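Only one structure is covered here, and it is reproduced in the block below.
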Amino acid sequence: MKWLLAGLIVVVAAGVGWHGHRYMQLQHAVDNRKNELAVVRQQRMQMQRDMTWWNLHRIDYQLLVNASFIGKDARVTWYRQLNTLSAIAGVQHAEFDILAKNPSQPEQRIANRVLMETPVHWHGEVAHEGVLADVLAKLESGGSGLFSVRSCDLTHEQDDAPIVVDCAFVWQVLELS
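With positions in the sequence shown counted from 1, the corresponding number in the working numbering is that position plus 488.
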């Protein structure tokens, strides 16, 4: 009888031990699943924040793309614009040089993009200042990056002679770095 009671105690102890071990395994599995769930929730929250940011700035980004501020090299487009506008406005002896694109100085970084500048030197003769103002306004609204005039020298030698214009301006665009 002692043996039977001792055997029963051993079986009960083994059962309790096995259940305790199994409980610890299940608890460990539950903890792992909770940690995995926390990571998934954190990723989902980050994704929601990213989508919120994208929705807030999508329109601004599209405006920059439409204005050619972000995108491919537009120097050929600028050449055509200068050529066409000079001819339409009646600019005589129009000459211009579109220089190579370079990073702005000091270098400006916006996210993973670099602000690039393309200097342009433009020379010609206009009948009056209004012609020059019209050409510059059309270049500014041309939608090929941001356009800004750096300098414009006007020389008027005689009252009936055309005004000689010597301008320096720049087109700015964002490019991937």
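C-beta atoms are modelled at their ideal positions from N, C-alpha and C, and glycine is treated no differently.
Remember, predicted model here, so these are calculated numbers, not experimental data.
When you compare only the Cα positions, how much space is there between G503 and A517? Walking along the sequence shown from the start, residue 503 turns up at place 15. Walking along the sequence shown from the start, residue 517 turns up at place 29. Distance from the CA of G503 to the CA of A517, rounded to the nearest whole angstrom, comes to 21 Å.
Measuring straight from C-alpha to C-alpha, what distance separates E613 and D622? Residue mapping note: residue 613 aligns to position 125 of the sequence shown, counting from 1. Residue mapping note: residue 622 aligns to position 134 of the sequence shown, counting from 1. The alpha-carbon atoms of E613 and D622 are separated by roughly 14 Å.
If we count Cβ pairs, one from each stretch, closer than 8 Å, do we get three or more for the stretch 527 to 537 versus the stretch 569 to 589? no
What residue from I651, I598, W541 and M489 has the CA that sits closest to A582's CA? Looking up residue 582 in the sequence shown gives position 94. The option with the nearest alpha carbon to A582 is I651.
Please determine, among N523, H609 and L662, the residue with the shortest C-alpha to C-alpha distance to C640. Here residue 640 refers to the residue found at position 152 of the sequence shown. Of N523, H609 and L662, the residue nearest in Cα terms is H609.
Any idea what DSSP makes of S636, helix, strand or coil? Here residue 636 refers to the residue found at position 148 of the sequence shown. DSSP places S636 in strand when its eight states are reduced to three.
Going by CA-CA distance only, name the one from A577, R638 and Q646 that's closest to G618. In the sequence shown, residue 618 corresponds to position 130, counting from 1. Per the Cα distances, A577.
Tell me the rounded alpha-carbon separation between L634 and A656. Looking up residue 634 in the sequence shown gives position 146. Looking up residue 656 in the sequence shown gives position 168. Each residue's Cα considered, the two are about 14 Å apart.
Determine the contact status of R601 and L664, defining contact as a CB-CB distance below 9 Å. The residue labelled residue 601 in the question sits at position 113 within the sequence shown. The residue labelled residue 664 in the question sits at position 176 within the sequence shown. In this structure, L664 lies closer than 9 Å to R601 by Cβ.
Could you tell me the distance, in whole angstroms, from the CA atom of N571 to the CA atom of Q593? Translated into positions along the sequence shown, residue 571 becomes position 83. Translated into positions along the sequence shown, residue 593 becomes position 105. Whole-angstrom Cα-Cα distance: 28 Å.
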